[in-house]
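Read through the structure below, which is laid out as structure tokens, and then see the notes.
Numbering (our numbering), first residue to last: 1 to 348.
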């Protein structure tokens, strides 16, 4: 019995909070969809939970510019090679945007370049320390997050990553102290409220190597317990593997709560204990069951963007145009194969 409440009132209030967040309600929607084998639903915004039957659509493909980080290109050239390779969108790093502005560049010129190139900003990668325990440091992190979001908004973007930076390794936790999931949910809610003011949604990012938010269940709990209509998550195939997750667990997350998904692959060696970001490879070149997993996502209504995120130094030795074109081609092949499988499965 909960003090001051009857058991019934406690259960009702707890369930209402979970259901109103949308993500927990999406668990049942996804399960029902899988049981019915319905055609995928259309979810274009994190807060949109309207289901409508329609044919499987081809998800857009973005380039996360970590994939070409070693080439040392300024962000305007990153946009050019991204568009030339055929990508639909780009996911830049905040530090590259700041370097461009600090060097005298104008965001409105980048926005015009994006428009002229026919690509959009799918998201952005920043490292604001919104999650940490120390109040002054956390407030500084929120202030940084606001500035980051304002950059993204100026380029027409509406989302950016919110990784658990500051709670991502043993040293960070030793310095700042452990952070319980309900506390993280409260802090994520604060970040979501800030994002609502700016017009950019922070996506709770999975980091498989981190002692915090390395599990899909943790990600789903925090997004749900935040009890905010814009709560959404940013999974990553490599991080799902590195964190010891089962890919089938993705079926438990409502499709509209995954508007952006990092696509990559990984080899069988090194083993999971020592594999690192640098070992990521192009989609289809590793052992991740991408086709089956993406087909499952599509059957459950996924209509977000797949963003190619690699950190492989061997690719940085190759001409940048070759890397971007090969990355787009291999991502597209995997996604097309998944669409074909999802379509065939729905008709069988």
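Each residue gets a CB set at the ideal place from its N, CA and C atoms; glycine is no exception.
Q. Using the rule of at least 16 other Cβ atoms within 10 Å of the residue's Cβ for burial, across every protein chain shown, is residue 339 buried or exposed?
A. The residue you call residue 339 lines up with position 339 of the chain shown. Answer is buried; the Cβ neighbour count reaches 16.
Q | Integer Cβ distance of residue 208 from residue 239, believed to fall under 8 Å | A | Working through the chain shown from its first residue, we reach residue 208 at position 208. Working through the chain shown from its first residue, we reach residue 239 at position 239. 4 Å between Cβ atoms; contact.
Q. Helix, strand or coil: how does DSSP classify residue 323 here?
A. In the chain shown, residue 323 corresponds to position 323, counting from 1. Residue 323: helix per DSSP, three-state reduction.
Q.
Can you tell me which residues form a DSSP beta bridge with residue 159?
A. Numbered from 1 along the chain shown, position 159 holds the residue referred to as residue 159. Residue 159 has 201 as its beta-bridge partners, per DSSP.
Q. Can you name, in chain order, every residue of its own chain whose Cβ lies under 8 Å from the Cβ of residue 30, other than the five neighbours on each side?
A. Position 30 of the chain shown, counted from the first residue, corresponds to residue 30. With a pLDDT of 38 at residue 30, under the threshold of 50, the predicted position of this residue should be treated as unreliable, and no value is reported.
Q) Per DSSP, what kind of secondary structure is residue 333 in: helix, strand or coil? A) If you number the chain shown from 1, residue 333 lands on position 333. Helix, per DSSP.
Q) Near residue 120, which residues of its chain fall below 7 Å by C-beta distance, leaving aside the five closest residues on each side in sequence? A) Locating residue 120 in the chain shown gives position 120, counting from the first residue. If the five residues before and after residue 120 are omitted, its C-beta is found closer than 7 Å to the C-beta atoms of 89, 114 and 156, all from its own chain and listed in chain order.
Q.
Measuring straight from C-alpha to C-alpha, what distance separates residue 95 and residue 346?
A. Numbered from 1 along the chain shown, position 95 holds the residue referred to as residue 95. Numbered from 1 along the chain shown, position 346 holds the residue referred to as residue 346. The straight-line gap from Cα to Cα measures roughly 43 Å.
Q. Skipping 5 residues on each side, what residues in its chain have a beta carbon closer than 7 Å to that of residue 75?
A. As a first step, residue 75 must be located in the chain shown, where it is residue number 75. Correct list, in chain order: 92, 96, 97, 100 and 110.
(Q) Between which residues of its own chain and residue 342 is the CB-CB distance below 7 Å, once the five residues before and five after are set aside? (A) By 1-based counting over the chain shown, the position of residue 342 is 342. So the list reads 56, 295, 298 and 299, once near-sequence residues are dropped.
(Q) Measuring CB atoms only, is the region 144-153 touching the region 179-187, in the sense that at least three cross pairs come out at less than 8 Å? (A) no
Q.
Under DSSP, the beta strand (DSSP E) around residue 262 begins and ends at which residues?
A. Residue 262 sits at position 262 when you count from the first residue of the chain shown. From DSSP, the beta strand (DSSP E) with residue 262 extends over 260-263.
Q) Three-state secondary structure (DSSP) at residue 316? A) Stepping through the chain shown from its first residue, residue 316 is reached at position 316. In this structure, residue 316 counts as helix in the three-state DSSP scheme.
Q | Beta-carbon proximity check, residue 232 vs residue 159, cutoff 9 Å | A | The residue given as residue 232 occupies position 232 in the chain shown. The residue given as residue 159 occupies position 159 in the chain shown. Cβ atoms of residue 232 and residue 159: closer than 9 Å.
Q) Per DSSP, which one or two residues make a beta bridge with residue 236? A) Looking up residue 236 in the chain shown gives position 236. Looking at the DSSP output, residue 236 sits in a beta bridge with 262.
Q. When the Cα atoms are used, what is the spatial distance from residue 194 to residue 153?
A. Sequence index remark: in the chain shown, residue 194 carries index 194 (1-based). Sequence index remark: in the chain shown, residue 153 carries index 153 (1-based). For residue 194 and residue 153, the distance between alpha carbons rounds to 13 Å.
**Q.** Per-residue DSSP class, three states only, for residue 231
**A.** The count along the chain shown starts at 1 and reaches residue 231 at position 231. Coil.
Q) With a Cβ-Cβ cutoff of 9 Å, do residue 307 and residue 63 count as a contact? A) Translated into the one-based positions of the chain shown, residue 307 becomes position 307. Translated into the one-based positions of the chain shown, residue 63 becomes position 63. Yes.
(Q) Under 8 Å: do the region 271-280 and the region 320-332 share three or more Cβ pairs, one atom per stretch? (A) Taking 8 Å as the limit for Cβ pairs, the verdict is that the region 320-332 does not touch the region 271-280.
Q | Residue interval of the beta strand (DSSP E) (run including residue 359) | A | No statement about residue 359 is possible, as the shown extent of the chain runs from 1 to 348 and does not include it.
Q: Determine the direct distance from the alpha carbon of residue 270 to that of residue 70, and round the result to whole angstroms.
A: In the chain shown, the residue the question calls residue 70 occupies position 70. In the chain shown, the residue the question calls residue 270 occupies position 270. Going by the C-alpha atoms only, they are around 22 Å apart.
Q) Can you give, in chain order, each stretch of the beta strand (DSSP E) that sits fully within the region 135-189 and has at least 3 residues? A) Here the runs fully enclosed are 159-162.
Q) By DSSP, does residue 121 sit in helix, in strand, or in coil? A) If you number the chain shown from 1, residue 121 lands on position 121. Secondary structure at residue 121: strand, using DSSP grouped into helix, strand and coil.
**Q.** Alpha-carbon to alpha-carbon, residue 187 and residue 5
**A.** The residue given as residue 5 occupies position 5 in the chain shown. The residue given as residue 187 occupies position 187 in the chain shown. Residue placement at residue 5 cannot be trusted, given a pLDDT of 37 that sits under 50; what the coordinates show is reported in the next sentence. Looking at the two C-alpha atoms, the distance is approximately 26 Å.
**Q.** residue 60 - containing beta strand (DSSP E), residue span
**A.** Counting from one through the chain shown, the residue named residue 60 turns up at place 60. Its beta strand (DSSP E) spans residues 60-64.
**Q.** Segment limits, alpha helix (DSSP H) that includes residue 224
**A.** Taking the chain shown and counting its residues from 1, the one referred to as residue 224 is at position 224. It spans 216-225 - the alpha helix (DSSP H) in which residue 224 sits, taken as one unbroken run.
Q) For residue 173, which residues from the same chain have a beta carbon less than 8 Å from its beta carbon, with the 5 sequence-adjacent residues on both sides left out? A) Taking the chain shown and counting its residues from 1, the one referred to as residue 173 is at position 173. Beyond the five residues adjoining it in sequence on each side, residue 173 comes within less than 8 Å, by CB distance, of 167, 179, 211 and 212 in the same chain, given in chain order.
Q. Per DSSP, what kind of secondary structure is residue 43 in: helix, strand or coil?
A. Walking along the chain shown from the start, residue 43 turns up at place 43. Caution is warranted here: a pLDDT of 37 is assigned to residue 43, below 50, making its placement in the model unreliable, and no coordinate value can be reported.
Q. Given a threshold of 16 other Cβ atoms within 10 Å of its Cβ, counted over all protein chains shown, does residue 303 qualify as buried or as exposed?
A. What you label residue 303 is simply residue 303 of the chain shown in a count that begins at 1. Under this definition residue 303 is a buried residue.
Q: Answer yes or no: do residue 286 and residue 266 have a C-beta to C-beta separation smaller than 9 Å?
A: Mapped onto the chain shown, residue 286 falls at position 286. Mapped onto the chain shown, residue 266 falls at position 266. Closer than 9 Å, so yes.
Q) In the DSSP assignment, what are the bridge partners of residue 308? A) Translated into the one-based positions of the chain shown, residue 308 becomes position 308. Answer is 63 and 263, bridged to residue 308.
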